[in-house]
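Take a look at the structure below.
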Amino acid sequence: MPERRLLLQSFRTRPRCVSYIRGHIYAVGGLTKSGDSLSTVEVYNPLTERWELAEAMSILRSRVGVAVLSNKLYAFGGYNGIERLSSVEVFDPTTKSWNIVSPMHRKRSALGAAALNDRLYVCGGFDGVSSLNIVECYQPDLDRWTIITPMQKHRSAGGVVAFDGYIYILGGHDGLSIFDSVERYDTYTGQWLSVTPMLMKRCRLGVATLNGKLYACGGYDGSTFLQTVEEYDPQTDKWKFVASMNVTRSRVALVANAGKLWAIGGYDGFLNLPTVEVYDPKADCWTFASSMCAHEGGVGVGVIPIQEPEVP
Numbered sequence: 014m015p016e017r018r019l020l021l022q023s024f025r026t027r028p029r030c031v032s033y034i035r036g037h038i039y040a041v042g043g044l045t046k047s048g049d050s051l052s053t054v055e056v057y058n059p060l061t062e063r064w065e066l067a068e069a070m071s072i073l074r075s076r077v078g079v080a081v082l083s084n085k086l087y088a089f090g091g092y093n094g095i096e097r098l099s100s101v102e103v104f105d106p107t108t109k110s111w112n113i114v115s116p117m118h119r120k121r122s123a124l125g126a127a128a129l130n131d132r133l134y135v136c137g138g139f140d141g142v143s144s145l146n147i148v149e150c151y152q153p154d155l156d157r158w159t160i161i162t163p164m165q166k167h168r169s170a171g172g173v174v175a176f177d178g179y180i181y182i183l184g185g186h187d188g189l190s191i192f193d194s195v196e197r198y199d200t201y202t203g204q205w206l207s208v209t210p211m212l213m214k215r216c217r218l219g220v221a222t223l224n225g226k227l228y229a230c231g232g233y234d235g236s237t238f239l240q241t242v243e244e245y246d247p248q249t250d251k252w253k254f255v256a257s258m259n260v261t262r263s264r265v266a267l268v269a270n271a272g273k274l275w276a277i278g279g280y281d282g283f284l285n286l287p288t289v290e291v292y293d294p295k296a297d298c299w300t301f302a303s304s305m306c307a308h309e310g311g312v313g314v315g316v317i318p319i320q321e322p323e324v325p
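Residues in the sequence shown are numbered consecutively from 14, following my numbering.
So this is what it looks like as structure tokens:
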């Protein structure tokens, strides 16, 4: 079986916790103020502290999945304003170009994506009819997708992240219920396991890891657009609230960069947002950073590390 072969080729590694990686933040696709899908890409330069336009994708994509592997940024699926997409493209910052690679097996928007052990994983999403529990794994060296063990729940608009050697998916919804539940995928056993739930139900949330902790921010609980933020400590197996964001943000993207968390864009219940705020875990506070220049929220976000010159 393809999945069996995939598992035999893999083993679990727990990447060392790096708390300070400085990179360029890419905001991909998303929405205009009127809600139209975009192919626009912009990049935040931490040296100039400004956003600027980068090479656009070849396809309009909102509710797109994004992940970074081997200093390349991948955009998975999404919605082009007419239909959900299975197509995938990859951005190489050295050539400043996008290239199409093999499509996923299933069309999906509102999916989550993460990189682990030289592979890329896409989880859940919405195919235009229903929320999905289908998970696919991409091997860039073979340009090949494999369908692997499905999640326990069908989840659209969940948060996906690689953490502590596993793939985690947090929250989301199945079209009827919004979840506080969390599942993690073990690449060694090929199984999903339910783990400690969040303190709040959240879909359209942002998730990221920093300093060995897992964070969930913003989202929507079915009645309220959220600005609360939770932190999970695997040592205690407990969630706790940390400082709330300054702004209510659903459909928010969250990434770690330069030792801090960056909450980018979103929707506050009235407007799509170009604003950005940054969380300092030492001070437990959020401050505003430069707003995006070409997006109004709903972006997919990834960080490509800055290649520091070698010391002779």
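Here a beta-carbon is modelled for each residue, glycine too, at the ideal position from N, C-alpha and C.
Going by DSSP, what residues sit across from residue i in a beta bridge?
{"i": "Tyr13", "result": "For residue 13 there is no data in the structure shown, the boundaries of the chain being 14 and 325."}
{"i": "Tyr151", "result": "Leu133, Trp158"}
{"i": "His186", "result": "Ser169, Ile191"}
{"i": "Tyr201", "result": "Per DSSP, none; premise fails for Tyr201."}
{"i": "Leu123", "result": "Before going on, a small fix: residue 123 reads as Ala here, not Leu. Per DSSP, none; premise fails for Ala123."}
{"i": "Phe176", "result": "Tyr179"}
{"i": "Thr300", "result": "Val291"}
{"i": "His37", "result": "Ile317"}
Return the residue from the list the options that minimises the CA-CA distance to residue i.
{"i": "Ser71", "options": "Thr53, Pro59, Gly315, Leu60", "result": "Thr53"}
{"i": "Pro116", "options": "Asp246, Asp297, Thr159", "result": "Thr159"}
{"i": "Gly125", "options": "Val312, Ala296, Asp177", "result": "Val312"}
{"i": "Ser136", "options": "Leu129, Met211, Glu149", "result": "It is worth fixing the name first, because residue 136 is Cys in this sequence and not Ser. Of Leu129, Met211, Glu149, the residue nearest in Cα terms is Glu149."}
{"i": "Lys251", "options": "Met211, Gly278, Gly235", "result": "Met211"}
{"i": "Asp177", "options": "Gln248, Asp187, Tyr280", "result": "Gln248"}
{"i": "Leu48", "options": "Asn285, Val220, Ser207, Asn84", "result": "According to the sequence shown, residue 48 is Gly rather than Leu. The shortest Cα separation from Gly48 among Asn285, Val220, Ser207, Asn84 belongs to Asn285."}
{"i": "Asp154", "options": "Val142, Ser143, Asn130", "result": "Asn130"}
If I measure Cβ to Cβ from residue i and keep anything under 8 Å in the same chain, skipping five residues before and after, which residues do I get?
{"i": "Val316", "result": "Ile34, Gly36, His37, Ile38, Tyr39, Val81, Val268, Ala269, Asn270"}
Leaving out the 5 sequence neighbours to the left and right, which residues in its chain are closer than 7 Å to residue i when beta-carbon positions are compared?
{"i": "Gln217", "result": "The residue you asked about is not Gln; residue 217 is Arg in the sequence shown. Same-chain partners within the cutoff: Ala170, Gly232, Tyr233, Ser263, Arg264."}
{"i": "Tyr138", "result": "Correcting the residue identity first, residue 138 is Gly in this sequence and not Tyr. Excluding positions up to five away in sequence, the list reads Gly90, Arg121, Ser122, Ala123, Leu124, Leu145, Ser169."}
{"i": "Leu223", "result": "Ser32, Ala269, Leu274, Pro294"}
{"i": "Gln204", "result": "Thr162"}
{"i": "Arg132", "result": "Cys150, Tyr151, Gln152"}
Let me see if you follow: with CB-CB separation under 7 Å, is residue i close to chain D or not?
{"i": "Val314", "result": "No chain D is present in this structure, which holds just one protein chain."}
Less than 8 Å between the CB atoms is what I'm expecting for residue i and residue j, so what's the real figure, rounded?
{"i": "Arg168", "j": "Ile147", "result": "With 8 Å as the limit, Arg168 and Ile147 do not qualify as a contact, their Cβ atoms being about 10 Å apart."}
{"i": "Glu244", "j": "Leu44", "result": "That pair is no contact at about 28 Å."}
{"i": "Ile277", "j": "Val289", "result": "5 Å"}
Ordered along the chain, which non-local residues of its own chain (more than five positions away) have a Cβ less than 6 Å from that of residue i?
{"i": "Gln22", "result": "With a pLDDT of only 39 at Gln22, under the threshold of 50, the placement of this residue in the model should not be trusted, and no figure is reported."}
{"i": "Val114", "result": "Val101, Val103, Asp156"}
Quick check: the stretch 221-233 against the stretch 166-179, are at least 3 beta-carbon pairs closer than 8 Å?
Here the stretch 166-179 makes contact with the stretch 221-233; the two share three or more CB pairs at distances below 8 Å.
Mind the definition here: the stretch 57-66 touches the stretch 299-312 only if three or more C-beta pairs lie below 8 Å; say whether that holds.
With contact defined as three or more Cβ pairs closer than 8 Å, the stretch 57-66 and the stretch 299-312 are in contact.
Are there three or more Cβ pairs, one per stretch, closer than 8 Å when the stretch 195-209 is compared with the stretch 176-186?
Cβ pair count under 8 Å is three or more, so yes.
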